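J.:
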Amino acid sequence: MIRKQLEHRIRTLERGLDQFTGLEWVVNVGKLAEIKSVIFDLPEGADKTFESRISPDDLARLDGEIARSLDHTPAADVRQKAFHAAYGTLRRWLDPNFPGLRPVGRNRAFGKD
(Lines of atoms letter the chains of each structure in order from A and count residues from 1; the text may use other names and numbers.)
(Lines give C-alpha, C1' and ligand atoms only; values in the text may rest on other atoms or scores of the structure.)
Protein backbone atom coordinates (compact mmCIF):
# COMPACT_ATOMS: atom_id res chain seq x y z
CA MET A 1 0.00 0.00 0.00
CA ILE A 2 2.76 2.50 0.85
CA ARG A 3 4.27 1.90 -2.58
CA LYS A 4 1.10 3.08 -4.33
CA GLN A 5 0.91 6.08 -1.99
CA LEU A 6 4.51 7.07 -2.77
CA GLU A 7 3.97 6.58 -6.51
CA HIS A 8 0.94 8.87 -6.35
CA ARG A 9 2.82 11.53 -4.40
CA ILE A 10 5.77 11.46 -6.80
CA ARG A 11 3.47 11.81 -9.80
CA THR A 12 1.69 14.70 -8.10
CA LEU A 13 5.00 16.38 -7.26
CA GLU A 14 5.98 16.12 -10.95
CA ARG A 15 3.31 18.72 -11.71
CA GLY A 16 5.42 21.16 -9.69
CA LEU A 17 8.16 20.98 -12.32
CA ASP A 18 6.25 23.58 -14.36
CA GLN A 19 7.54 26.35 -12.11
CA PHE A 20 11.16 25.72 -13.15
CA THR A 21 12.86 26.68 -16.40
CA GLY A 22 16.05 25.92 -18.25
CA LEU A 23 18.78 23.95 -16.56
CA GLU A 24 16.98 24.06 -13.22
CA TRP A 25 14.05 22.22 -14.82
CA VAL A 26 16.36 19.59 -16.33
CA VAL A 27 18.11 18.98 -12.99
CA ASN A 28 14.82 18.59 -11.13
CA VAL A 29 13.43 16.23 -13.79
CA GLY A 30 16.52 14.10 -13.28
CA LYS A 31 16.12 14.11 -9.51
CA LEU A 32 12.51 12.95 -9.74
CA ALA A 33 13.41 10.34 -12.36
CA GLU A 34 16.01 8.94 -9.98
CA ILE A 35 13.45 8.59 -7.20
CA LYS A 36 10.81 7.19 -9.56
CA SER A 37 13.18 4.52 -10.80
CA VAL A 38 13.73 3.33 -7.24
CA ILE A 39 10.06 3.35 -6.24
CA PHE A 40 8.72 1.85 -9.44
CA ASP A 41 11.36 -0.91 -9.50
CA LEU A 42 11.04 -1.94 -5.85
CA PRO A 43 11.36 -5.68 -5.38
CA GLU A 44 8.24 -7.42 -4.11
CA GLY A 45 7.78 -6.75 -0.39
CA ALA A 46 10.47 -4.07 -0.13
CA ASP A 47 7.84 -1.40 0.46
CA LYS A 48 7.14 -2.97 3.87
CA THR A 49 10.28 -1.27 5.21
CA PHE A 50 8.67 2.10 4.49
CA GLU A 51 5.48 1.29 6.36
CA SER A 52 7.41 0.88 9.58
CA ARG A 53 9.47 4.07 9.13
CA ILE A 54 6.95 6.53 7.70
CA SER A 55 4.30 7.78 10.10
CA PRO A 56 0.95 9.28 9.08
CA ASP A 57 2.30 12.64 10.32
CA ASP A 58 5.28 12.33 7.95
CA LEU A 59 2.92 11.64 5.05
CA ALA A 60 0.77 14.62 6.03
CA ARG A 61 3.85 16.89 6.05
CA LEU A 62 4.89 15.57 2.64
CA ASP A 63 1.38 16.21 1.32
CA GLY A 64 1.56 19.77 2.64
CA GLU A 65 4.91 20.35 0.92
CA ILE A 66 3.55 18.97 -2.35
CA ALA A 67 0.39 21.09 -2.08
CA ARG A 68 2.46 24.26 -1.48
CA SER A 69 4.64 23.45 -4.49
CA LEU A 70 1.53 23.27 -6.70
CA ASP A 71 -0.32 26.29 -5.26
CA HIS A 72 -0.06 29.25 -7.61
CA THR A 73 -0.89 31.80 -4.90
CA PRO A 74 2.52 32.11 -3.17
CA ALA A 75 5.57 33.54 -4.87
CA ALA A 76 7.65 31.27 -7.11
CA ASP A 77 10.47 31.03 -4.58
CA VAL A 78 8.03 29.72 -1.93
CA ARG A 79 6.68 27.10 -4.35
CA GLN A 80 10.19 26.08 -5.37
CA LYS A 81 11.29 25.79 -1.75
CA ALA A 82 8.27 23.54 -1.07
CA PHE A 83 9.15 21.42 -4.12
CA HIS A 84 12.70 20.95 -2.87
CA ALA A 85 11.45 20.17 0.65
CA ALA A 86 9.14 17.46 -0.71
CA TYR A 87 11.94 16.03 -2.84
CA GLY A 88 14.26 16.07 0.19
CA THR A 89 11.70 14.25 2.30
CA LEU A 90 11.28 11.52 -0.30
CA ARG A 91 15.02 11.24 -0.75
CA ARG A 92 15.66 10.87 3.00
CA TRP A 93 13.13 8.06 3.16
CA LEU A 94 14.80 6.22 0.29
CA ASP A 95 18.47 6.73 1.13
CA PRO A 96 18.86 4.21 3.98
CA ASN A 97 17.44 1.31 1.96
CA PHE A 98 18.78 2.10 -1.47
CA PRO A 99 22.53 2.75 -1.36
CA GLY A 100 22.70 2.75 -5.16
CA LEU A 101 21.22 6.23 -5.19
CA ARG A 102 23.61 9.11 -5.61
CA PRO A 103 24.59 10.23 -2.08
CA VAL A 104 23.28 13.55 -0.76
CA GLY A 105 24.34 15.64 2.18
CA ARG A 106 27.69 16.24 3.79
CA ASN A 107 28.94 12.67 3.85
CA ARG A 108 28.75 11.90 0.19
CA ALA A 109 31.44 10.13 -1.76
CA PHE A 110 30.80 11.98 -5.01
CA GLY A 111 31.27 15.60 -6.06
CA LYS A 112 28.71 18.28 -5.45
CA ASP A 113 25.40 18.33 -7.32
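Residue numbering for the sequence shown follows the numbering used here, starting at -11 and increasing by one per position. Virtual Cβ for every residue (Gly too), placed ideally from N, Cα, C. Here the structure is a predicted model, which means the values were calculated and not measured.
How is Asp45 classed by DSSP in three states: helix, strand or coil?
T.: DSSP places Asp45 in helix when its eight states are reduced to three.
J.: Whose C-beta lies closer than 7 Å to the C-beta of Ile23 among residues of the same chain, with five residues either side of it excluded?
T.: For Ile23, where only same-chain residues beyond five positions count, the Cβ hits under 7 Å are Ile(-2), Leu78, Arg79, Leu82.
J.: Going along the chain, which residues of its own chain have a beta-carbon closer than 8 Å to the beta-carbon of Tyr75, five neighbours each way excluded?
T.: So the list reads Leu1, Asn16, Lys19, Leu20, Ile23, once near-sequence residues are dropped.
J.: Classify Thr0 as helix, strand or coil using the three-state DSSP reduction.
T.: DSSP places Thr0 in helix when its eight states are reduced to three.
J.: Just how far apart, CA to CA, sit Ile(-10) and Ile27?
T.: Approximately 10 Å between the Cα atoms of the pair.
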